[in-house]
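Quick note: to get my numbering, add 394 to the position in the sequence shown (first position is 1).
Note that CB positions come from ideal geometry on N, CA and C, so glycine has one too.
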Amino acid sequence: MSNEEIVLQIQNGIDVTQNQEKLWLKNKGFVNYMIKKTCGFSEDIEDLEQQGFIGLVTAAMKYKPDNGANFITFAGYH
């Protein structure tokens, strides 16, 4: 299932918690990459990962596929 399909289900209220977890698991590597890129390497990144999860969920609610960008590109700015 693609990010866009998962986001659509979240936006439509379908198994929101499960789909948020799917979105997180699918994109955790991206979140860690962004943390390392913007903050440098940190041994204790759990708090930053939590903020990344919140950012993914927030981006999922704001994402509009009609704008032409894929979800992960959109999320990278949020």
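- Straight across, the Cα-Cα distance linking Asn-426 with Ser-396 is about 19 Å.
- In the three-state DSSP reduction, Asn-464 falls in the coil class, being neither helix nor strand.
- The continuous alpha helix (DSSP H) containing Gly-449 extends over residues 440-456.
- Collapsing the DSSP output to three states places Tyr-471 in coil.
- Annotation for Phe-468: Ala-453 and Tyr-457 place their beta carbon closer than 7 Å to its own, counting only its chain and skipping 5 residues before and after.
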